[in-house]
Amino acid sequence: MDPKDGTAIAVAGVGDFPRERGARIAHPGPVAGMAAQVLLIAALARAVPIGMAGWLAGLACGALVNGGLAAGLRHFHCDRLAPADRVTLTRATFAAAVAALVADSFVRPAPVAVLVLLAAAALVLDAVDGWVARRTATGRLGARFDGEVDALLILVLSVYVARSAGAWVLAIGAARYAFLAAGWALPWMREALPARYWRKVVAATQGIVLTVAAADVLPAAVSRAALAGALVLLAESFGRDVWWLRANRRAGLRRRAPAGPVLAAPAGPERGRARTAAGAGLTVLALIVVWGALVAPDQPILLKPAVFLRLPLEGLALLALVVAVPARPRRALVWGAGPLLAIVVLLKILNLGFFAAFDRPFDPYQDISYAGIGAETLRESIGRSEATLIIVAVGLVLAALLVAMTLAVRRVARVAAAHPARSLRAITVLAAVWMLCWIFGARFVSHAPIASTSAAGLVANEVSALRADLGDRATFARAIGRDRFAATPANRLLTGLRGKDVLLVFVESYGKVAVQGSSFSPQVDALLAKGTKQLQAAGFSARSAFLTSPTFGGISWLAHSTMQSGVWVNSRRRYAQLIASRRFTLSDAFKRAGWRTVDDVPSNDRAWPPGSTFYHYDQVYDRRDVGYRGPQYAYASMPDQYVLAALQRLEVAKRHRPPLFAEVDLVSSHTPWTRIPSLIPWGQVGDGSIFNRMPVAHTSRDSLSVNAAWAWLQSGVSAPVRAAYAQSIRYSLSALISYVQHYGNRNTVLVVLGDHQPWEIVSGRQPSHEVPISVIARDPAVLRRISGWGWNAGLRPSPKAPVWPMSAFRDRFLGAYGPRSASG
């Protein structure tokens, strides 16, 4: 890239720190840079695997950069580095670390998140060292050093991207060095070039496009188109420089350029025009940022380009205030409006994410507390190191959002205040247009009127949600207190299930989309039809229907507590209020009636107090208690087959015991659906160590990438993610059916259901919250008790099957199997 501010200082400045002739110079900068390079690669090697190739490449790049810097210090007679040069040296350290990861990627898969984070940090520091250079003394060394570090990073990234996009991408990285090589043969190509701001823009574009392509966040066709566009820009920029040098090769009056196409100091008028053009461009960019932030949608269904063609009333009001108020309150207004608008953008992003994952908007009062759980789930799903880097990257993006939005508002306000008459005329015209659009309800997108107040409406909705949350406590307390089974004596509870082992089995993300209305539901339906026949051959029958879950896409414990308690638990606050109460649960009912009660939660790895204080289980099993010695499968700590086998070994197979009630949570179908185990004979399960030697079905990692988000933005679903989800559901259901076949007997009863639908990327836009439920038993008397429910036969609910709220199940279940019911 170009020097710090797009220009190279033509004469030595104070940043060059000249020495007296004959004096010896100590150069600690390159030594410190090399030491930092070694430490960074060592730190990376602890977080991600880096082999010998990576070490050699990283250290070689570090040696070249720091050796070249030492030579530059001697050549320019500098005693020490300028402040901007220290920033550039840090950037060079990151670039060499990227080179280490790229070299190692030829041996093993690269940690893409780490590579992209380092490259992005180097690109951000490129802007930082320019800012520092414009405010401190620097000189020709800084300009040369900055350009060479840019060239190195672009070369390294082009090598990595070329492996997936094609060898032609190497031309982007080789262009700078081809220009240098041409200068060795053609002296006229070593002459100094005039300043050109466009050269800086083109160089920045190369680094950004290559980093985005390396991140694999866009569809392949889009990435290749962006890379081709970047190469065209690069060819145009270098071609113009070569043409100019050739046309002026006889002038011989300019000093030889330090190293190829670097900007020389522009003349006064030219520099003024460049600054004017750059300022106008920044103003337009700032206006686009502010405008887009105000009109951007917060619901996935509204994510269409036309939704940005709206007039934000909040923006007009802000500009009117900026023009009307004096300078001092104007500054306070701007510095307050910038962070506020950043918060609005953040709320919109969170709403988009929560609608995609949980089919509801973000609730600041309750959902902030999920941050820790979300981070932990991410670590369990993709690994601690990559998750930590992603969390750090998110934090940096949030900080950048705050700064960028504040600076954008400040620039728009400054320009508007500098031209009050023009600004007021524009505001008046736009306000009249807004009023006409509001009166006639004009819109390009349904539910998104051109006369927009979406930002103010979002804030109002968040305030209303907060007030509703605060007022809901009393309402829910009354619901908890109404319980017709709480005082039922033991001899009148569950008489229709005496002597039966009852398993309440939750299958993670097993939603209606798995069995109805999707491209993959015929595959799941075929499995359920086959499973129904297999169970019938073993003497079992099933009845199925649908329940409406209080949650969507995650937060499974809301469904578990709703199912057990018979009240609607659809928020973290309600859950906390419930488990602090004495509400009578299904586990309480079975315990009171003489069953041994157990909870089997293989995803837990720590004590869970509500298991004893609220559900009153006799035993809670988590991953520490079941003796598993096999591998982890994405989020799932162990395969569902092992969970069922361990429950059989630890509880069901014991002799001379009371009947068992167990809630079992199967999580092999938990997102990210990237590693699916295989079923094996039950006699081989053992302690699970056999799974270390078993092949694993590696589904598409698209479920973890922004490719998935891109597909979701375009069509509402992602085919690779859907396929991976369907494969995981088929595995979980197959394990469950096989378990009943192998271990079930006349006293086995299962209630099998999903906890919630999967994310919108699988379920599609505006999905229902319905999940399948089945009751499986070998004793015909068990199913006769629920014959009045209208559920259909078999494991698959029919499209006409009843749909109940999940909160209704507890009372109907206890009623059906109580002493006064024969048919439910």
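All residue numbers for the sequence shown refer to this note's numbering, where the first residue is 982 and numbers rise by one. The C-beta atom is built at its ideal place from N, Cα and C for all residues, glycine as well. From a predicted model like this one, the values you see are computed outputs, not experimental measurements.
Original post:
With burial defined as no fewer than 16 other Cβ atoms inside 10 Å of the residue's Cβ, what is the status of D1683: buried or exposed?
Top reply: Here residue 1683 is taken as the residue at index 702 of the sequence shown, counted from 1. In this prediction, D1683 scores a pLDDT of 49, lower than 50, which makes its location untrustworthy; no coordinate-derived value is stated.
Original post:
Unbroken beta strand (DSSP E) runs of length 3 or more, entirely within the region 1269-1298: which are they?
Top reply: none
Subject >> 6 Å CB neighbourhood of Y1724 in its chain, flanking five on each side removed >> reply: Mapped onto the sequence shown, residue 1724 falls at position 743. Cβ neighbours of Y1724 beyond the five flanking positions: Q1629.
Subject >> Length of the line joining the Cα atoms of L1096 and V1083 >> reply: Taking the sequence shown and counting its residues from 1, one reaches residue 1096 at position 115. Taking the sequence shown and counting its residues from 1, one reaches residue 1083 at position 102. Their Cα atoms are separated by approximately 8 Å.
Original post:
Taking the alpha-carbon positions, what's the A1797 to R1791 distance?
Top reply: The residue given as residue 1797 occupies position 816 in the sequence shown. The residue given as residue 1791 occupies position 810 in the sequence shown. Using only the alpha carbons, I get a separation of about 10 Å.
**OP:** For W1179, name the three-state secondary structure that DSSP assigns.
**Re:** Your numbering for residue 1179 matches position 198 in the sequence shown. Helix.
Original post:
With respect to the alpha helix (DSSP H) encompassing R1157, which residues constitute its N-terminal and C-terminal limits?
Top reply: Numbered from its first residue, the sequence shown carries residue 1157 at position 176. Here the alpha helix (DSSP H) through R1157 covers 1151-1166.
Original post:
What are the uninterrupted segments assigned as beta strand (DSSP E) that are 3 or more residues long and contained completely in the region 1542-1619, given in chain order?
Top reply: 1577-1581, 1600-1602
Subject >> At least three beta-carbon pairs within less than 8 Å, the region 1490-1506 to the region 1593-1603 >> reply: no
**OP:** State the DSSP-derived secondary structure class of D1668, mapped to helix, strand or coil.
**Re:** Within the sequence shown, the letter at position 687 stands for residue 1668. D1668: coil per DSSP, three-state reduction.
Subject >> For I1349, the three-state DSSP class (helix, strand or coil) >> reply: Taking the first residue of the sequence shown as position 1, residue 1349 is located at position 368. Of the three classes helix, strand and coil, the one that applies to I1349 here is helix, per DSSP.
Original post:
Shortest alpha-carbon distance to L1328 belongs to which of N1442, L1539, P1175?
Top reply: Here residue 1328 corresponds to residue number 347 of the sequence shown, with the count starting at 1. Of N1442, L1539, P1175, the residue nearest in Cα terms is N1442.
Original post:
Since A1643 sits in a beta bridge, which residues does DSSP pair it with?
Top reply: Locating residue 1643 in the sequence shown gives position 662, counting from the first residue. Beta-bridge pairing links A1643 to L1484, V1579.
Original post:
If you run the structure through DSSP and keep just helix, strand and coil, what is R1227?
Top reply: For this step, residue 1227 is matched to residue 246 along the sequence shown. Three-state result, R1227: helix.
**OP:** Determine the DSSP secondary structure at A1432, reduced to helix, strand or coil.
**Re:** Stepping through the sequence shown from its first residue, residue 1432 is reached at position 451. Correct three-state label for A1432: strand.
**OP:** Note down the Cα distance separating I1661 from N1673, rounded to an integer number of angstroms.
**Re:** To locate residue 1661, count along the sequence shown from 1; it is residue 680. To locate residue 1673, count along the sequence shown from 1; it is residue 692. Straight-line Cα distance between these residues: approximately 13 Å.
Original post:
Can you name the start and end residues of the alpha helix (DSSP H) that F1527 belongs to?
Top reply: In the sequence shown, counting from the first residue as 1, residue 1527 sits at position 546. Unbroken run through F1527 is the beta strand (DSSP E), 1522-1529; no alpha helix (DSSP H).
Original post:
Does the pairing of the region 1311-1331 with the region 1453-1463 give three or more beta-carbon distances under 8 Å?
Top reply: no
Subject >> Cβ-based neighbour list, A1789, same chain, cut-off 7 Å, excluding 5 preceding and 5 following >> reply: The residue given as residue 1789 occupies position 808 in the sequence shown. Nothing listed; no residue qualifies.
Subject >> DSSP bridge partner residues for V1396 (one or two, in chain order) >> reply: Walking along the sequence shown from the start, residue 1396 turns up at place 415. DSSP output for V1396 lists no bridge partner at all.
Original post:
Taking the continuous beta strand (DSSP E) assigned at A1424, which residues delimit it?
Top reply: Mapped onto the sequence shown, residue 1424 falls at position 443. It should be pointed out that residue 1424 corresponds to Arg in this sequence rather than to Ala. 1424-1426 is the extent of the beta strand (DSSP E) around R1424.
Original post:
Quick one: any contact between the region 1425-1441 and the region 1284-1301, if contact means 3 or more CB pairs under 8 Å?
Top reply: yes
Original post:
Touching or not, the region 1562-1575 and the region 1617-1637, by the rule of three or more beta carbon pairs under 8 Å?
Top reply: no
Subject >> Identity of the residues DSSP links to S1755 by a beta bridge >> reply: Here the question's residue 1755 lines up with position 774 in the sequence shown. DSSP lists S1525, V1733 as partners of S1755.
**OP:** Starting from P1786, trace the alpha helix (DSSP H) both ways and give me its first and last residue.
**Re:** In the sequence shown, counting from the first residue as 1, residue 1786 sits at position 805. Counting along the chain, P1786 falls outside any alpha helix (DSSP H), though it belongs to the beta strand (DSSP E) covering 1784-1786.
Subject >> Simplified DSSP assignment, three categories, for A1789 >> reply: Position 808 of the sequence shown, counted from the first residue, corresponds to residue 1789. It is helical.
Original post:
For the candidate residues P1748, A1782, V1730, whose alpha-carbon lies nearest to that of F1794?
Top reply: If you number the sequence shown from 1, residue 1794 lands on position 813. For the residues P1748, A1782, V1730, the minimum Cα distance to F1794 belongs to V1730.
Original post:
For A1261, which beta-bridge partners are listed by DSSP?
Top reply: For this step, residue 1261 is matched to residue 280 along the sequence shown. DSSP output for A1261 lists no bridge partner at all.
Subject >> Cβ neighbours of V1019 in the same chain (closer than 8 Å, five flanking residues each side left out) >> reply: The sequence position of residue 1019 within the sequence shown is 38, counting from 1. The answer, listed in chain order, is L1040, G1043.
Original post:
For G1188 versus I1135, is the C-beta spacing smaller than 7 Å?
Top reply: As a working note, residue 1188 is residue 207 in the sequence shown. As a working note, residue 1135 is residue 154 in the sequence shown. In contact: G1188 and I1135 (Cβ atoms closer than 7 Å).
Subject >> Rounded Cβ spacing between G1669 and Y1623 (contact assumed at less than 8 Å) >> reply: Position 688 of the sequence shown holds residue 1669. Position 642 of the sequence shown holds residue 1623. Between Y1623 and G1669 the Cβ distance is about 5 Å, and since that is below 8 Å, they are a contact.
Subject >> Distance between beta carbons of F1533 and Q1280, contact taken as under 8 Å >> reply: Residue numbering aside, residue 1280 sits at position 299 when the sequence shown is read from its first letter. Residue numbering aside, residue 1533 sits at position 552 when the sequence shown is read from its first letter. With a Cβ gap of about 14 Å, Q1280 and F1533 do not count as contacting.
**OP:** Report back the beta-carbon spacing between L1559 and I1408 to the nearest angstrom; my notes put them in contact at under 8 Å.
**Re:** Sequence index remark: in the sequence shown, residue 1559 carries index 578 (1-based). Sequence index remark: in the sequence shown, residue 1408 carries index 427 (1-based). Wrong, their Cβ atoms sit about 52 Å apart, outside the cutoff.
**OP:** Quick one: grab the DSSP three-state call for A1091.
**Re:** Translated into positions along the sequence shown, residue 1091 becomes position 110. Three-state result, A1091: coil.
Original post:
Bridge partners of N1773, per DSSP?
Top reply: If you number the sequence shown from 1, residue 1773 lands on position 792. Its beta-bridge partners are S1525.
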